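Working notes, structure below.
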Amino acid sequence: MDEGYAGTIDNVAVQMKASGDNIFEIDGTEDSTDERDGQFTLKNVTFIGVAGNTEKTDQLGHWKSDATGTTENVLYTTMDGQTIEGIDSDTYDASATENAKNKLIFKNFQFATTSTLAAILANTTGTTVMHQHGPL
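Letter by letter, the sequence shown follows residues 31 to 166 of the numbering used here.
Here you go:
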């Protein structure tokens, strides 16, 4: 989703190749006037990776350039050794539970993997992950 997509994408299954790019590469509006909203909703997504993929190891997503919107109910499968490439800390809101303008919100991500959450999030400096018991 590029240049501040505004809308909803629901019920998606994505199967990646080892040489594929990110399942999500989401850019903000890049509009300094704040006239373009760019609030997206992406929900009910299943990611199917490639077992033993060592070709590209950061396929789990990149939210960048002041992306704003909500990504929720995402299941990552066959993704051992994979990481999230990045989360824009300018707009990320770890404490948000409701959609909010100009915020980047994540809800209900599940990882079917032997990788630790810390390893999956290793490239996401400047963000705090919230779960049901508080920040990780």
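Beta carbons are placed, not taken as given, at the ideal position from N, Cα and C, and that holds for glycine. None of the values given here were measured: they were computed from a predicted structure.
Leaving aside the five residues before and after residue i along the sequence, list all residues of the same chain whose C-beta is less than 7 angstroms from its C-beta, in chain order.
i, result
"E55", "H92"
Which residues mark the beginning and the end of the beta strand (DSSP E) in which residue i is found?
i, result
"I53", "I53 -> no beta strand (DSSP E), and no H or E assigned at all."
"D40", "G37 to Q45"
"L105", "T98 to T107"
"I78", "Q69 to I78"
"L134", "L134 to F141"
"K86", "No beta strand (DSSP E) holds K86; DSSP gives it neither H nor E."
"K94", "H92 to K94"
Provide the residue span of the alpha helix (DSSP H) that contains residue i, from first to last.
i, result
"A149", "L147 to I150"
Using only alpha-carbon positions, find the residue among the options that is nearest to residue i.
i, options, result
"M109", "D88, I117, E65 and T121", "D88"
"D51", "L147, L105 and T113", "T113"
"T101", "A124, E65 and T84", "A124"
"T155", "K94, V75 and L105", "K94"
"G79", "A152, K73, Q45 and I150", "Q45"
"L134", "I39, A43, L72 and I53", "L72"
Looking only at its own chain, which residues have a Cβ that is under 6 angstroms from the Cβ of residue i, when we skip the five neighbours before and after it?
i, result
"H163", "Low confidence applies here, because H163 scores a pLDDT of 39, under 50, leaving its location unreliable; read the following figure in that light. Here the set comprises nothing."
"E65", "none"
"Q138", "The amino acid occupying residue 138 in the given sequence is Asn; Gln does not appear at that position. Here the set comprises E102 and N103."
"A81", "T108"
"Y35", "F70"
"V75", "V42 and V104"
Which term fits residue i, buried or exposed, when burial requires 16 or more other beta carbons within 10 angstroms of its beta carbon?
i, result
"E115", "buried"
"Q11", "One cannot answer for residue 11 here, as it falls past the ends of the chain, which runs 31 to 166."
"N41", "exposed"
"P165", "Because the pLDDT at P165 is just 41, under 50, the model does not fix this residue reliably, and the point stays unresolved."
"T98", "buried"
For residue i, which residues from the same chain have a beta carbon less than 8 angstroms from its beta carbon, with the 5 sequence-adjacent residues on both sides left out?
i, result
"D96", "G58, T59, E60, D118, D120 and T121"
"N153", "D88, T113, I114, E115 and G116"
"I150", "L90, Q112, T113, I114, F141 and T143"
"T38", "F70, T71, L72 and K73"
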